[in-house]
Amino acid sequence: MRFCVVLLLAAVGSCSGGGAKQIAIGPTPAPRTTGTLAGPLCQYDQCSCADATHDPGVAEGGRKRFEIKLKSSQHLWASLPGDTVLYKTVEKPEVCFYVDLAPGQHPIRLRASNPNGVSAELQVREIGAKAKTMYSTFTFECGHPGVCSFEELDALKSTYAAVERGLHDKCGSTRIKNIGWDHGKAPDGSHPSELVIEATLDVYKFMPQKASGDPTCGPGDARRDGEPTGEPAGPPDGTDPAP
Numbered sequence: 006m007r008f009c010v011v012l013l014l015a016a017v018g019s020c021s022g023g024g025a026k027q028i029a030i031g032p033t034p035a036p037r038t039t040g041t042l043a044g045p046l047c048q049y050d051q052c053s054c055a056d057a058t059h060d061p062g063v064a065e066g067g068r069k070r071f072e073i074k075l076k077s078s079q080h081l082w083a084s085l086p087g088d089t090v091l092y093k094t095v096e097k098p099e100v101c102f103y104v105d106l107a108p109g110q111h112p113i114r115l116r117a118s119n120p121n122g123v124s125a126e127l128q129v130r131e132i133g134a135k136a137k138t139m140y141s142t143f144t145f146e147c148g149h150p151g152v153c154s155f156e157e158l159d160a161l162k163s164t165y166a167a168v169e170r171g172l173h174d175k176c177g178s179t180r181i182k183n184i185g186w187d188h189g190k191a192p193d194g195s196h197p198s199e200l201v202i203e204a205t206l207d208v209y210k211f212m213p214q215k216a217s218g219d220p221t222c223g224p225g226d227a228r229r230d231g232e233p234t235g236e237p238a239g240p241p242d243g244t245d246p247a248p
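One gets the numbering used here by counting positions in the sequence shown from 1 and adding 5 to each.
(1) Do you know whose CA, among G189, S217, K137 and T138, lies nearest K175's CA?
(2) By the 10 Å Cβ neighbour count, where 16 or more other Cβ atoms means buried, how is E72 classified, buried or exposed?
(3) Tell me whether the beta-carbon of G189 lies closer than 8 Å to the beta-carbon of S198.
(4) Where does L161 fall in DSSP's three states?
(5) Measure the C-alpha to C-alpha separation of L158 and P108 and round it to an integer number of angstroms.
(6) Could you compute how far the alpha carbon of G133 sits from the alpha carbon of V152?
(7) Where does Y103 land, buried or exposed, given buried means 16+ other C-beta within 10 angstroms?
(8) Among V129, G177 and T144, which one has its Cα closest to the Cα of A136?
(9) Run through the stretch 193-225 for me and flag every whole beta strand (DSSP E) of 3 or more residues, listed as ranges in chain order.
(10) For the stretch 75-95 against the stretch 120-129, are there 3 or more C-beta pairs whose distance is under 8 Å?
(11) What ranges does the beta strand (DSSP E) occupy inside the stretch 120-152, keeping only unbroken runs of at least 3 residues that lie completely in it?
(12) Distance, Cα to Cα, R114 vs L85?
(13) T38 and V90 - do their beta-carbons sit closer together than 8 Å?
(14) Which residues bound the beta strand (DSSP E) around S84?
(15) Count the other CB atoms, across all protein chains shown, that sit within 10 Å of the CB of H149; report buried if there are 16 or more and exposed otherwise.
(16) L91 lies in the beta strand (DSSP E); which residues open and close that run?
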């Protein structure tokens, strides 16, 4: 089986293998959810998805609550540092999980596996406690519905490269960094049979004040008037601010 790796940093990489960072695929995790889930919608190792009548609650202690949604007709796993593994069975077309993250950088990893081609969608949303909104922090979608193709993966490179400073939702307070993936090939040679997606959630300390979709939002503009503007827009020299 041939593997190919892509890494997106400030610019988009290619599948040439050159000096690219290698992402080890390895076996799929065990088919179960582990780790600490957060909020009133979660019980034991399962959570209900938030909607107009079901509130996911608010994180405490300076942390921020995130919704992680997995969608596919296949098995999917999303992993976070520590022992957090979020598992979606084939019996459910979509599942939601809620986790609390402190300010800082948190790698997230999506794993899919199917010998005839994978189908995967990952949605990460920051829960805006102040603005009573959900910020569209990050979405990866390939082959849902259907089967992921290498053409779709190539198109995603351009899509992610066009996101200014990694702020997929300019009203939120979380940047996405270091997006990369690795894959194997299905027998038809046109679809990945194994897929690993990695990204880093760069969570900032300030609490965003504006609702998702507010047209006045831009990098560094999701806070109240008078709040410091050093995150997540970054200083004039172009270096990244410390979280």
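By construction, the Cβ of each residue, glycine as well, lies at the ideal position given by its N, Cα and C atoms.
Considering the structure as presented:
(1) Checking every option, the nearest Cα to that of K175 belongs to S217.
(2) Here E72 is buried. Its C-beta has 16 or more other C-beta atoms within 10 Å.
(3) Their beta carbons are under 8 Å apart, which means G189 touches S198 by this criterion.
(4) helix
(5) 30 Å
(6) 33 Å
(7) buried
(8) G177
(9) 197-208
(10) yes
(11) 125-133 and 138-147
(12) 7 Å
(13) yes
(14) L81 to S84
(15) buried
(16) It spans V90 to K93 - the beta strand (DSSP E) in which L91 sits, taken as one unbroken run.
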